[in-house]
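In my numbering, the protein residues as written are 4 to 310. Remarks on the structure that follows.
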Amino acid sequence: MRSYTLIARAKINLYLEILGDRPDGYHELVMVLQAIELGDRLKISAHSGEEILLSCTSPIVPGGADNLAYQAAQLMYREFPDALAQYGGVEIAIEKHVPMAAGLAGGSTDAAATLVGIDLIWDLGLTQPELQTLAAELGSDVPFCIAGGTALATGRGEQINALNSPPKLAVVLAKPRQLQVSTAWAYRTHREQFGHDYPITQQHSGEILSAIALQDSAKIGQLLHNDLERVVIPAHPQIDRLKTAFQEAGVVGTMMSGSGPTVFALCESLEQARDIRQKVRQTLGDSQGDIDFWITHLSSAGIEVIQ
Ligand code: C5P
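Laid out in structure tokens, this is it:
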């Protein structure tokens, strides 16, 4: 039976600006999305039956139709019934490393890898734009996860324009272990609180785009921005404590990723990242045991087939 192993990278948001409401109920966004090396590992295999088989190393990840990777397979089944009949159904085994509901697109990247894997085992030969069109049906972040690297994302986040990569900075991620934030809740609350003065046309991403083009790490660090912090931080003050601890430890820049609650800190090197993690643990004292940390790098890749 044919089988592929893929790395599904997570993302952070270097920039997230909410421009306004969209007729489809979503928000009009301008984002700079950045892939990181932290990723899940998926094995996608053909099997003789027609059902979708899904397993995951993490017991808290939803199984069945609640899982976005499962929905990705359902979409491929609907779109390519002849291939399903010819090659058989698919089995998806997820080795989970990216935390859930953390603002890192963990579910979206598994869905992206599932599309890429099924394209391969069914010999469909889809182009990246074709895969991204399918991906947009699954979620706003899924098209980005296919390509990875660095991108300007507009629309509801699904319209992707690749950017040159910024310097390959190291990253410390910190997430309060028990805390999960619903993306839908974050956007809904933002609309309730700030929808009256949505700017619609204004956007301020130009400066960070220049800093990325100029490979200016210090400027990138200063220009990180996330409008969703305005609603998520007041509800979860521990996010602000994390950011302050990172700032005091002397990072290049720190910000909440997506709808949170993960806070990322950009660092010049892996060595500095380890040092920063140590300092932040000390600053947080007793509460540090409740925080999970990861050290990783910015990545210029997206879904990668490794076997
Ligand atoms: O697209 P995705 O399913 O990942 O989005 C999750 C939720 O986040 C949506 O149901 C919507 O409530 C909110 N959202 C939004 N505007 C966007 C993207 C997401 O309001 N551009």
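For every residue, glycine included, the Cβ atom is placed at its ideal position computed from N, Cα and C. A quick note: this is a predicted structure, and the numbers were derived from the prediction, not measured.
Does DSSP put residue i in a helix, in a strand, or in coil?
i, result
"arginine 25", "coil"
"valine 145", "helix"
"arginine 280", "helix"
"isoleucine 47", "strand"
"threonine 286", "helix"
"glutamate 271", "coil"
"glutamine 183", "coil"
"leucine 129", "coil"
"glutamate 140", "coil"
"glutamate 53", "coil"
"arginine 12", "strand"
"glutamine 310", "coil"
"tyrosine 201", "coil"
"alanine 76", "helix"
"alanine 150", "helix"
"alanine 304", "coil"
On the premise that residue j lies in contact with residue i, defined as a C-beta separation below 8 Å, what is that separation, rounded to the nearest angstrom?
i, j, result
"alanine 116", "isoleucine 306", "5 Å"
"histidine 199", "glutamate 20", "At roughly 17 Å, the Cβ-Cβ gap does not stay under 8 Å, so histidine 199 and glutamate 20 are not in contact."
"lysine 171", "histidine 300", "6 Å"
"isoleucine 149", "glutamine 162", "That belief does not hold up - the Cβ atoms of isoleucine 149 and glutamine 162 are roughly 13 Å apart, past 8 Å."
"threonine 265", "alanine 177", "7 Å"
"valine 174", "alanine 268", "7 Å"
"glycine 152", "alanine 11", "Not quite, the Cβ-Cβ distance comes to about 14 Å (not below 8 Å), so this is no contact."
"valine 33", "leucine 22", "6 Å"
"valine 101", "isoleucine 211", "That belief does not hold up - the Cβ atoms of valine 101 and isoleucine 211 are roughly 24 Å apart, past 8 Å."
"threonine 112", "alanine 13", "6 Å"
"phenylalanine 255", "alanine 221", "Note on identity: in this sequence residue 255 is valine, with phenylalanine being the wrong assignment. That belief holds up - the Cβ atoms of valine 255 and alanine 221 are roughly 7 Å apart, short of 8 Å."
"isoleucine 121", "isoleucine 15", "Rounded, the Cβ-Cβ distance is 27 Å, inconsistent with contact."
"arginine 5", "alanine 49", "5 Å"
"methionine 258", "isoleucine 242", "So it is not a contact: roughly 10 Å between Cβ atoms."
"serine 262", "leucine 227", "With 8 Å as the limit, serine 262 and leucine 227 do not qualify as a contact, their Cβ atoms being about 16 Å apart."
"leucine 78", "asparagine 70", "Between asparagine 70 and leucine 78 the Cβ distance is about 13 Å, and since that is not below 8 Å, they are no contact."
"valine 145", "alanine 165", "Valine 145 to alanine 165, Cβ: 16 Å. No contact."
I'd like the span of the alpha helix (DSSP H) that includes residue i, first residue to last.
i, result
"histidine 193", "186-197"
"serine 111", "109-124"
"isoleucine 296", "The identity of residue 296 in the sequence shown is phenylalanine, whereas the question assumes isoleucine. From DSSP, phenylalanine 296 is part of no alpha helix (DSSP H) but of the beta strand (DSSP E) over 294-300."
"serine 58", "No alpha helix (DSSP H) holds serine 58; the beta strand (DSSP E) holding it covers 56-59."
"threonine 247", "241-252"
"glycine 224", "220-226"
"leucine 212", "209-216"
"alanine 154", "No alpha helix (DSSP H) contains alanine 154, which is instead part of the beta strand (DSSP E) from 153-157."
"isoleucine 236", "232-238"
Can you give me the start and stop residues for the beta strand (DSSP E) that residue i sits inside?
i, result
"lysine 178", "173-179"
"glutamate 94", "92-98"
"methionine 103", "Run containing methionine 103: none; DSSP gives neither H nor E here."
"isoleucine 163", "162-166"
"methionine 4", "Counting along the chain, methionine 4 falls outside any beta strand (DSSP E), and DSSP gives it neither H nor E."
"alanine 68", "Element bounds for alanine 68: n/a, residue is neither H nor E."
"glycine 256", "256-259"
Quick one: does the C-beta of residue i sit closer than 8 Å to a heavy atom of the ligand C5P?
i, result
"arginine 233", "no"
Under 6 Å from any heavy atom of the ligand C5P, by CB: list those residues in chain order, please. After applying the 6 Å Cβ criterion, the set is Tyr29, His30, Leu32, Gly142, Ser143, Asp144, Arg159, Gly160, Thr186, Ala187 and Tyr190.
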